[in-house]
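In this note's numbering, the protein residues as written are 4 to 114. Beta carbons: idealized from backbone N, C-alpha and C, even for Gly. Since the structure comes first, as structure tokens, the remarks are kept for the end.
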């Protein structure tokens, strides 16, 4: 499951509601409720990137395997925990080179 991209209900910042959006699994399912830590993916790539942002470009080799339609950004600082029961569907998989870059950003975020 780790490294796969799913559609999941992701909470708004104020927790008033959720929106189904792509997210990447950062862990395998944990515990009896099968919780997975996921990071937010947005198709709105900001002009000013943060250190924790990881761009996924259509020009990348294996972009098609992600299941995403357009250039996107993984916002590694936007994390939540979701039970696998709420996962809507699997979109694809992050290519190995980007998976390594993602792991480096996660480590740096929590260092």
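Based on the DSSP output, what are the partners of residue 56 in its beta bridges?
78
Test item: CB-CB of residue 32 and residue 39 under 8 angstroms
yes
8 angstroms contact criterion, which residue 98 and residue 68 should meet: CB distance rounded:
6 angstroms
Please find out if some non-hydrogen atom of the ligand NAP comes closer than 7 angstroms to the beta-carbon of residue 32.
Absent from the structure shown: the ligand NAP. Ligands present: none.
According to the neighbour-count rule (16 or more other Cβ atoms, all chains shown, within 10 Å of its Cβ), is residue 78 buried or exposed?
buried
Taking the alpha carbon of residue 5 as the point to measure from, which residue in 37, 50, 114 has its own alpha carbon closest?
37
Whether or not the segment 55-62 and the segment 72-87 are in contact is what I'm after, with contact meaning three or more pairs of Cβ atoms, one per stretch, closer than 8 angstroms; do they touch?
yes
Given a cut-off of 8 angstroms on the beta-carbon distance, is the pair residue 3 and residue 106 in contact?
Since the first and last residues shown for the chain are 4 and 114, residue 3 lies out of range.
If we count the other Cβ atoms within 10 Å of its Cβ and call it buried at 16 or more, is residue 75 buried or exposed?
buried
With C-beta atoms as the reference, is residue 27 less than 8 angstroms away from residue 48?
no
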